[in-house]
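**Q** Residue numbers -23 to -1, 1 to 527, in mature numbering (1 follows the signal peptide of the UniProt record, and there is no 0), belong to the letters of the sequence shown in order.
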Amino acid sequence: MAELQISRFVVLLAHLMVVLVLAQNPIEEKTTFEAAFQGRCGHGSPCEQLCYELHDGMYECDCKDGYILHKNGYSCAELNSTSPSTGELGELVENDELTKETDDDEDAVEDILYMRGASFTIHLDPPPENSTTNSTKITEETSAPLDRVEIRATSQGPNLEQKLPSTMESIVSTEPACSLDCGPAGNCYIEQSRGDDVDLIGDDDGGDVSDDASMAMDLEGNDVTPRRKQGSFRQRCQCPLGRGGDRCQLEAEVRSPRFTGSGWLAFPALKAAYKHVQLELEFRPEAWDGILLLAGERDDLQGDFMALILHHGFIEFRFDCGSGVGTVRSTQTVRLNEWNTLTVYRHRWDAWIQLNQEKRVEGRSKGLFARITFREPLFVGGPGNTTGLERLPVRTGFKGCVRHLEANEHRYRFPLAPQGDAANGFDVEECTADRCSKVPCSHGGKCLTTGGDTAVCLCPLGYTGDLCETRVDLQVPSFNGSSYLRYPGLADTSLSWLELAVTLKPTAADGVILYNGHHSDATGDFIALYLSSGHVQFTFDLGTGPASLR
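1) For D411, which three-state DSSP category applies?
2) Alpha carbon to alpha carbon, how far is E407 from V416? Give it in angstroms, no decimals.
3) Excluding five sequence neighbours on each side, which residues of the same chain lie with their C-beta closer than 6 Å to the C-beta of L285?
4) Once the 5 residues before and after M(-23) are set aside, which same chain residues still bring their CB inside 6 Å of it?
5) Report the rounded CA-to-CA distance for D502 versus L475, giving the unit in angstroms.
6) Classify S525 as buried or exposed, calling it buried when 16 or more other Cβ atoms lie within 10 Å of its own Cβ.
7) Is the beta carbon of A272 sitting closer than 8 Å to the one on G402?
8) Any chance you could list the beta strand (DSSP E) runs of at least 3 consecutive residues sitting entirely within the stretch 237 to 298, in chain order?
9) Taking all protein chains shown into account, decide if L227 is buried (16 or more other Cβ within 10 angstroms of its Cβ) or exposed.
10) What three-state label does DSSP hand E25 in the structure shown?
11) Report yes if the CB atom of L56 is closer than 8 Å to the CB atom of G43, and no otherwise.
12) Can you give me the C-alpha to C-alpha distance between G365 and R412, rounded to a whole angstrom?
13) Run the CB neighbour count on V449, radius 10 Å, all protein chains shown included, and call it buried at 16 or more, exposed below.
14) Does DSSP classify E367 as helix, strand or coil?
15) From G458 to T320, what distance separates their C-alpha atoms?
16) Using only CA atoms, which one of T441, G466, S307 lies nearest to H289?
17) Please name the residue in H512, L508, V513, I504 whose C-alpha comes closest to that of G522.
18) If you drop the 5 nearest sequence neighbours on each side, which residues of the same chain put their C-beta closer than 6 Å to that of A384?
19) Comparing C-alpha positions only, which one of W326, L355, C38, N333 sits nearest to K343?
20) Report, in whole angstroms, the separation of the C-beta atoms of C378 and R527, which I expect to be a contact under 8 Å.
21) Please classify Q215 as buried or exposed, where buried requires at least 16 other C-beta atoms within 10 Å of its C-beta.
22) So the candidates are L313, F282, T310, R312; which of them puts its Cα closest to the Cα of C298?
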């Protein structure tokens, strides 16, 4: 009998992973613990109430609210009641149950042996300061806020006639559904606002923003829309190359592309470049990381490839001739938000790069193979449809402008063929950096491109002129369609009664005169006074739907 108990004890240790509640001092003491078992929740699980599947084919038992897990790892005792003895809760598996046949199924769930009255004495080291021990850790690399939900399953406890629901935690994103109509080839895209975004309207309750009126302009030339508060989501359309506008409704020619970090241009596969290639680029980065150029033999990045990437601000040229990746890395970082020049030269397995006329940096690929086969398109600004990006340290697209690209003395034209060389493209804008660099707006003015090669300054309150160089004492404001005055919100001063008196001299038949809302994202209660086809219209919403007077 003693030998049987010893063998059961050994089997128990072989199947249990003990998660310990650490003590403050390194002393020997009896500890409470949770047990993790090999197998899966469901038929054959010893869990009395709840069962959680872990990783690597493991699971653990838990109890519902009002119960506590017994030290045997599967039984539950009711809180605030007389605790049963260890002998009452312990399950002693009989000999006939130990001989359960599992030879026919190698993947069958293994039986766990339990001993009545068994206890463990474990020597514990003190935990590190400010640390905790968790049995499960979930890490998500997503900017979207996450909520926990329960997924119901059914597990069977030691008493086979009693089936109780088990819960497993899952993670779902609260990211809102994208609702924009972006045309047949466009894509509705949701992105989270940047950390430095501010709310131009003020607090959600309409509280004061400042004591004075201020003037700002929509730098995109569209209807005035407040920027969203930090942590909110923004919907926008990703348009195919050749289309633009808020809903991809306009034709647009891109001569100097600006990449958003999720876009790309595709050119035909490189020709006569298997042994020798020289690249010349001029680019203006807005972020420290991104794929600048990518070409290879296969769309899964297996086999030969060549990649030009930004990694922590350094230029990296990575290439594989078929026997190992070689990397050439610049010694200096790029100049952010400035134009940079780059030359890349490769001959067989040797390569060098030169950034901003600095010293050349040389390198070599691994192995003896010296040729690169190019069958896939040449992607610029992002990976396109390429998979297998784990071979690169960066997987996101380039964010910024490219105004010059040359490969083996062929200068690429960025518009779609036949006007240009691009075969395809997605989520690419026209770069305005060159135009605004020639218009130095003063006193905090913002440069706005107006189409073609021209740009104008949008001046803050109190200044005017082509470059916002002239100070003006504003008495009667004149609006140009992209400007507005901002005052503190009405807050709770007009909950049930409001009277407006406005004197205006319109120069257009349509336009917003006044707007105040409860939220900055145009949801909830609001009032709006505007011109529509020459008619004055007042619209308000008290929470049950908008009503209009005309």
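We treat Cβ as the ideally placed atom computed from N, Cα and C, and that holds for glycine.
**A** Considering the structure as presented:
1) helix
2) 17 Å
3) L269, L270, F294
4) Bear in mind that a pLDDT of 47 at M(-23), under 50, signals an unreliable position, so the model cannot answer this.
5) 14 Å
6) exposed
7) no
8) 253 to 262, 267 to 273, 282 to 288, 291 to 297
9) exposed
10) coil
11) yes
12) 38 Å
13) exposed
14) helix
15) 45 Å
16) S307
17) I504
18) L256
19) W326
20) In fact, because the Cβ distance is near 46 Å, the residues do not count as touching under 8 Å.
21) buried
22) F282
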